[in-house]
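Numbering (the numbering used here), first residue to last: 11 to 604.
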């Protein structure tokens, strides 16, 4: 670097207009950077105006790491500094630096999974291969296209959207729309609630990067055509108004078509009906993907980097069981295509296995209740807000013991199911009147007919009626004496108006005293598996020693590290928001290694 001493003015185009800086050169070095003008919003630019100049002076380079949550603001300052430095002399040695070589990965027992293929029907070479075209895959594709990365998306279905088509909205704080609505939320409010819910086990640095980038992610999505309804709320039971609804109520209308079109417009190729089978692992790094199309033709994709965005494990019963669930009567109602492909592929090349800590979108259902709705989770009796997800019913385990606040659903939709994961079996005890009251509340006019039909048909032998509480125990061979003691104590709590055991809401404390009585076996309906592949804050896949596996990234439902065991749905939209965030930034981080 050869720079002439002096003061130089630089200008660039920032997020909301021109960014102007003054750069002072002393003794041939960058001595000071002052941001004279920026038209970015104060919420976005405040942090960058202080941090980016300090980072530039420390690095003696205009190209430094972007401040989380202020991508365009940071870039505007850096571009203005570059403009000033060009006036001061030769800056050919400055600019983005290659990422440092990652720590070595333990490879003694890793062989190239693709080595078993003798020949290929087709060979394609790209800078970047993205496996999957759901929320995060499309985010990665659009970012790659914007950055002129030669990229291709492999999708085993016939169209884009994958596991994300039914997603209703996206998380953000301090977005432009929230500011218009007067919604003000600080990062520490989100961070504190999440850490407390997850017992401080989730990676706070990953959360904070995501939180601080969330408003920028929404702005970026809007720039690329994503259509939001303008409604921002707490998604029924959330702690904060962070949920930005897609227009039409689903990503299949507000996000997927728009992002697909934008990626294709930017030159990103898509290849459909083609399933990734193995990663190519050579010279201690991932160098591509082996895939098969619908005709059985084997295609070799050579690449500088691969992003796994395959949608999780929700369609693979064996992997769900590996998470610790009893899957004997579990329904898998998510996308069958989300079969753990990414998890299994990355395991072959030594990824850290975090499936035992992964979260899931899961809810309760009873086999004997109606299960013929087009989407079970939408059924008023047996769906995500159904009769056995909370309220007046009493939950007991195989010992006849009560084990949780039955109305915890009101705080987090996932928790009542998670509490049952520890049991050999779980049951709901209730009266006829409880069921009839619930049916009327959710608009089911023939509640008595539904209940009587369910008892008569008794699908799976999971629902029984008795005129006495004692008679319920025999239905599932529960310890009668203990079950009766449990219900007697529960009734006493109801009469005193306070659940001193589990703090159940007083308005749903209803004694079980007047029959007929019912007991139902509660099973789970599993929609989405969340996580399983170990990643770091750069979305690099890591090994058991937390070292990055070169050339390999995981995003979205595969690599999400926000949750440990429990999907904290009381922070609305974080799974979708993180998918957008991880897709974008995985591409940006991969580019540094090209």
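Yeah, the Cβ is synthetic: ideal placement off N, Cα and C, and Gly gets one too.
- For residue 304, no beta strand (DSSP E) run applies, since DSSP gives it neither H nor E.
- Counting only runs of 3 or more residues that sit fully inside the segment 492-536, the beta strand (DSSP E) segments are 527-531, in chain order.
- For residue 568, no beta strand (DSSP E) run applies; the uninterrupted alpha helix (DSSP H) run containing it begins and ends at 566-569, by DSSP.
- When the Cα atoms are used, residue 422 and residue 578 turn out to be separated by approximately 7 Å.
- Taking all protein chains shown into account, residue 550 has 16 or more neighbouring C-beta atoms within 10 Å of its C-beta and is therefore buried.
- Listed in chain order, the non-local C-beta contacts of residue 287 below 7 Å within the same chain comprise 300, 301, 302, local neighbours out to five positions each way being set aside.
- The C-alpha of residue 467 lies about 37 Å from the C-alpha of residue 366.
- Minimum Cα-Cα distance from residue 396 among the listed residues 427, 410, 409, 414 corresponds to 427.
- For residue 243, the secondary structure class from DSSP, reduced to helix, strand or coil, is strand.
- Looking only at 464, 187, 195, 437, the smallest Cα-Cα distance to residue 531 is reached by 437.
- Beta-bridge pairing by DSSP links residue 16 to 35.
- Residue 295 is bridged by DSSP to 292.
- With respect to the C-alpha of residue 218, the residue from 205, 229, 519 having the closest C-alpha is 205.
- Using a 10 angstroms sphere on the CB of residue 153, the tally of other CB atoms reaches 16 or more, which defines it as buried.
- Per DSSP, residue 469 is not a residue of any beta strand (DSSP E), being assigned neither H nor E.
- Short of 6 Å from the beta carbon of residue 124, and not among the five residues preceding or following it, lie these beta carbons of its own chain, in chain order: 288, 290, 300.
- By the Cβ test, the segment 228-247 is not in contact with the segment 551-562, since fewer than three Cβ pairs between them sit closer than 8 Å.
- Residue 280 is positioned such that its CB atom lies no closer than 8 Å to that of residue 298.
- In this chain, the alpha helix (DSSP H) harbouring residue 226 covers 214-233.
- Distances from the CA of residue 587 to each of 181, 177, 47 were compared; the closest alpha carbon is that of 181.
- Residue pairing by DSSP puts residue 312 in a beta bridge opposite 135, 298.
- Proximity to residue 473 across 379, 146, 282 peaks at 379, based on C-alpha coordinates.
- Annotation: residue 164 is outside any alpha helix (DSSP H); the continuous beta strand (DSSP E) that includes it extends over 161-164.
- The beta carbon of residue 14 lies closer than 6 Å to those of 98, 99 in the same chain, with the five residues before and after it left out.
- Taking the Cβ atoms as the reference, residue 305 lies roughly 34 Å from residue 264, outside the contact range of under 8 Å.
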